[in-house]
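Residue numbers (my numbering), protein chains in the order written: chain A, 1 to 311; chain B, 312 to 622.
Report on the following structure.
2 protein chains.
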Amino acid sequence: MATRSNTVAIVGAGTIGLSFAALHLTKDPSCKVAIFDNRSDLQAYVSEHLPRYLVDADRDTCFARLTLAESLEEAVRDADIVQEQGPENASFKIQIWPEIEQYAPQKALFWSSTSGIPASEQVRDMQDKSRLLVCHPYNPPHIMPLLEVVRSPDTSDDVVERTLSYWRNLGRAPVVIRKECVGFVANRLAFALFREACSLVAQGVVGVEDLDEIVRTSMGPRWTVAGPFKSYHAGGGEGGLTSFMAKIGDTVQGCWNASDEDMKRGNIVVGGPWQDDVCKQTQEAYGMVNTSERDLKTRNILSAVKDSCRA
Amino acid sequence: MATRSNTVAIVGAGTIGLSFAALHLTKDPSCKVAIFDNRSDLQAYVSEHLPRYLVDADRDTCFARLTLAESLEEAVRDADIVQEQGPENASFKIQIWPEIEQYAPQKALFWSSTSGIPASEQVRDMQDKSRLLVCHPYNPPHIMPLLEVVRSPDTSDDVVERTLSYWRNLGRAPVVIRKECVGFVANRLAFALFREACSLVAQGVVGVEDLDEIVRTSMGPRWTVAGPFKSYHAGGGEGGLTSFMAKIGDTVQGCWNASDEDMKRGNIVVGGPWQDDVCKQTQEAYGMVNTSERDLKTRNILSAVKDSCRA
C-alpha cells in the first residue's frame, strides 16, 4: 500500500513511546523511527527496554531502522508522522507543537498520545491547527489494537483520513471520536465499570479477585466478540435493542438506581473512605503482576479473534 | 470425581433451560436430565431446539439420557439437582419451591436461575430454607463459563460447597456472591458500562458501531485476561492499585464527574428521550444478529484462554 517507507518521529520515550516505536518498527518492515527524549541515558535506556517490545521480530533489523536523535529538529525534520507522548501537561504540549511545526515537513501528520488534553487546547499557538489530532492508545499499544482518533474542530478531514489509513495498514483498529470530551471514550467506559466494581467490593458484596473472575468469564469474552450494543441487540431477539429495553428495561433501571444509591452511601469518590481497603485487597490478591504473561495471553486471544473472523 | 451419575431436573424449558440441559448433558457424559415444562408441545419443541445447543457432542447419546417429565413430581423425584428457570415473578417461585421440596430427594440441591429475585425471597414458604440458592448464568450458559452463586442468609455452607464442586467438575467458573443485592454483580457491572455507552452515543461523541469496536479492541480482550482490579493494579507498577489511584486518580475522578453531569443533562434513564435514537442506530448497524456466529467466535476465544493458561 505504502509506495515509500514511512519515517516516524517519537517525541518522548517513556513506556508508551517505546511501545509505539516497537509497533511501527515491527508492523511496517520498511518504516524508519527516530526517537527524541531529553533524558541523558537515552541510548542505554532504549537498548535495555526496547527489545522486550519487539515481539516476533528480528531485533537487529529493527534497531537498524532506528535513530536516536540529538535534537527535536533532527528527530522531526524527515518525519511523515510526529507522535508525541511527553509530560501530561497542557503547557508542555502547547509549547512543543509550534516548534515541531517549524522543523517538520509540511505534509507530516502530528499525533499526540495524551489521555486527556484535547487537540483543540494543544494547537493554541500553531500556525496550522488542522494538522494535529490525538491518537490515544489502550496500553500497551504494541499489543492492544485500539487507537482513539480524537479530532479537534480544526482537524482537517484529510489528516483524519491519512491517520486512519496508516493505522489500518498496520492492522490496528483506529476509531474516530467525533467530539472532544473528558477522558475520551475508552477510559470513560472502563472507569464507569470500575466505579461500580469499587462500589460492590466496598459494600462487601464480592471480593476483588472474585469480581475480576466474574468479568473474565462473562463480559470479557463476550465483549471481545460483540460490543455492548450488539450484545444487547442480540439479546432482544427479532426486535433487537428496542425489545431488549422493553423487556429488561425495568431490571436495567433497577440496577442503575441501586448503583446511584450505593455510590452515594459508600462515598465512592477518589480518595474516599472505601479506597484503602480495596487497594489492600487488590495488593493481597495479586502482589506484583507479571505483565509479560498478561501480554502473551492477550496476544493469543487477539489471534483467536482474527482467526475466527477469517473462518 | 463423581462416584455415580447425577440427575438434574430442569424446571422451565425456555432458552436458558435448554441451554442448561445441553450444558449438563455435554459436559458430564454420565449425567441424566429430566425436563419439565407445562407447554403442550414440549416434545416437538425440545426435539427442534435442543440440538443446536449440543455443541461437539453426540446428539443420540445426549437424547438417550434425557427424559421429558409429565409432571413436576416425576421430574424431581430422582433429582440430585433441581434447576428452576420459570417465569421471573416472585409469587411463581415462592409457590413452586415447597412443591419441589415435597417431591425431591432430601439431599437434592435447589438452584434458581433468576436474574433478580433473591433466594431469601423465594424460600418464604419452604420447610428447609438452607437448600436453595441462585445460580445465575451469563447467557448462554452452555457457552459462557460464569455462574453467579448467590446465597441467601439461610443457605448452608454445605449447599454452597456442593454447588461449587459440581460446577467446577464441569469446568465452569462459579463465583460466590456474598450478599444478595439488586441485579447481582455481572449485570450491575455490565449495565454501568452500558449506561455510560448510551450517554456517550446520545451526546454524539461516538456512534454505536464505533463504540462497540472500541470495547472489542480494548477492554474486551484485556478483561478476558485480567479483570479491572488486576489490570489497574498492573497499571500502577510496583506500587499497584494504590499508586495507580495516586497517579491517575484525578483523571478517574474527572471522568466520573463528567459522566454524572452528562447522565443528568442527557436524562439517561430507561425510556428517556435518548433511547429511540440509540435503538435506531443499533438496528441500522446490525439488523438481525447471527448468534451462532457469535457463539462460535466466543468458544474459540475461550479455548485460546484455556490454552494460554495451560501454556
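The C-beta atom is built at its ideal place from N, Cα and C for all residues, glycine as well.
Pairwise C-alpha distance: residue j and residue i
i	j	result
residue 176 (chain A)	residue 528 (chain B)	14 Å
residue 169 (chain A)	residue 472 (chain B)	52 Å
residue 211 (chain A)	residue 104 (chain A)	48 Å
residue 374 (chain B)	residue 437 (chain B)	33 Å
residue 391 (chain B)	residue 344 (chain B)	10 Å
residue 276 (chain A)	residue 138 (chain A)	26 Å
residue 100 (chain A)	residue 583 (chain B)	47 Å
residue 30 (chain A)	residue 65 (chain A)	8 Å
residue 282 (chain A)	residue 348 (chain B)	45 Å
residue 386 (chain B)	residue 426 (chain B)	23 Å
residue 285 (chain A)	residue 150 (chain A)	36 Å
residue 555 (chain B)	residue 540 (chain B)	11 Å
residue 618 (chain B)	residue 367 (chain B)	18 Å
residue 543 (chain B)	residue 552 (chain B)	6 Å
residue 623 (chain B)	residue 346 (chain B)	Since the first residue of chain B shown is 312 and the last is 622, residue 623 (chain B) is not available in this structure.
residue 494 (chain B)	residue 204 (chain A)	15 Å
residue 396 (chain B)	residue 82 (chain A)	57 Å
residue 288 (chain A)	residue 370 (chain B)	47 Å
residue 302 (chain A)	residue 257 (chain A)	35 Å
residue 194 (chain A)	residue 270 (chain A)	12 Å
residue 2 (chain A)	residue 28 (chain A)	Annotation note: pLDDT 46 at residue 2 (chain A) (below 50); position unreliable, coordinate value reported separately. Residue 2 (chain A) and residue 28 (chain A): Cα-Cα distance of roughly 10 Å.
residue 6 (chain A)	residue 333 (chain B)	54 Å
residue 304 (chain A)	residue 615 (chain B)	6 Å
residue 535 (chain B)	residue 401 (chain B)	34 Å
residue 259 (chain B)	residue 325 (chain B)	A query on residue 259 (chain B) cannot be resolved here, the shown segment of chain B reaching from 312 to 622 and no further.
residue 498 (chain B)	residue 107 (chain A)	48 Å
residue 452 (chain B)	residue 362 (chain B)	15 Å
Residues that residue i contacts on chain A, provided the C-beta gap is smaller than 8 Å
i	result
residue 618 (chain B)	300
residue 549 (chain B)	288
residue 615 (chain B)	300, 301, 303, 304
residue 575 (chain B)	Chain A residues near residue 575 (chain B): none, gap ~11 Å exceeds 8 Å.
residue 539 (chain B)	190, 193, 194, 197, 211, 212, 215
residue 552 (chain B)	278, 279, 282, 283
Contact list for residue i against chain B, beta-carbon separation under 8 Å
i	result
residue 269 (chain A)	564, 567
residue 316 (chain A)	Summary: the structure shown does not reach residue 316 (chain A), with chain A confined to residues 1 through 311, and so no result is reported for it.
Residue span of the beta strand (DSSP E) that contains residue i, given as start and end
i	result
residue 274 (chain A)	That residue, residue 274 (chain A), is in no beta strand (DSSP E); it is neither H nor E in DSSP.
residue 136 (chain A)	132–137
residue 205 (chain A)	Element bounds for residue 205 (chain A): n/a, residue is neither H nor E.
residue 345 (chain B)	343–347
residue 318 (chain B)	318–322
residue 581 (chain B)	Looking at the DSSP string, residue 581 (chain B) is not in any beta strand (DSSP E), and its letter there is neither H nor E.
residue 420 (chain B)	420–423
residue 628 (chain B)	Since the first and last residues shown for chain B are 312 and 622, residue 628 (chain B) lies out of range.
residue 394 (chain B)	392–395
Start-to-end residues for the alpha helix (DSSP H) that takes in residue i
i	result
residue 67 (chain A)	Looking at the DSSP string, residue 67 (chain A) is not in any alpha helix (DSSP H); the run it does join, the beta strand (DSSP E), is 66–68.
residue 535 (chain B)	530–536
residue 248 (chain A)	240–266
residue 385 (chain B)	383–387
residue 359 (chain B)	353–360
residue 328 (chain B)	326–338
residue 426 (chain B)	Residue 426 (chain B) -> no alpha helix (DSSP H), and no H or E assigned at all.
residue 543 (chain B)	539–546
Chain-ordered chain B contacts of residue i [CB-CB under 7 Å]
i	result
residue 185 (chain A)	511, 516, 517, 522, 525
residue 178 (chain A)	515, 516, 517
residue 234 (chain A)	600, 602, 605
residue 259 (chain A)	499, 503
Proximal chain A residues relative to residue i, where beta-carbon distance stays under 9 Å
i	result
residue 414 (chain B)	The premise fails here: residue 414 (chain B) is roughly 31 Å from chain A at the closest Cβ pair, so nothing lies under 9 Å.
residue 382 (chain B)	What residue 382 (chain B) touches in chain A: nothing, since even the nearest Cβ is about 30 Å away.
Closer than 7 Å at the beta carbon, the chain D residues around residue i
i	result
residue 560 (chain B)	No chain D appears in this structure, whose protein chains are A and B.
Q. In chain order, what residues of the segment 395–407 of chain B put their CB closer than 9 Å to some CB of chain A?
A. Cβ proximity to chain A below 9 Å picks out 399 from the segment 395–407 of chain B.
Q. Mind listing which residues of the segment 432–444 of chain B have their C-beta closer than 9 Å to chain A's C-betas, in chain order?
A. Result list empty, no residue passes.
Q: Report the residue ranges of all beta strand (DSSP E) runs contained in full by the segment 126–199 of chain A; include only those spanning at least 3 residues, in chain order.
A: Runs found: 132–137, 146–150, 173–177.
(Q) Beta carbons nearer than 9 Å to chain A: which residues of the segment 499–521 of chain B have them? (A) If you check each beta-carbon in the segment 499–521 of chain B against every beta-carbon of chain A, the ones closer than 9 Å belong to 499, 500, 501, 502, 503, 504, 505, 506, 507, 508, 509, 510, 511, 512, 514, 515, 516, 517, 518, 519, 520, 521.
Q) When you check each C-beta in the segment 134–147 of chain A against every C-beta of chain B, which residues fall closer than 8 Å? A) Residues passing the 8 Å Cβ filter: 138, 139, 144, 145, 146.
Q: Would you list, in chain order, the members of the segment 326–337 of chain B that have their beta-carbon closer than 8 Å to a beta-carbon of chain A?
A: Per Cβ criterion, the list is empty.
Q. Can you list, in chain order, the residues of the segment 416–433 of chain B whose Cβ is nearer than 9 Å to any Cβ on chain A?
A. Residues 426, 427.
(Q) Along the segment 148–182 of chain A, where does the CB come closer than 8 Å to a CB of chain B? Name the residues. (A) Cβ contacts with chain B come from 148, 173, 175, 176, 177, 178, 179, 181, 182.
Q. Given a limit of 7 Å on CB to CB distance, which residues of the segment 31–56 of chain A reach chain B?
A. Correct list: empty, as no residue qualifies.
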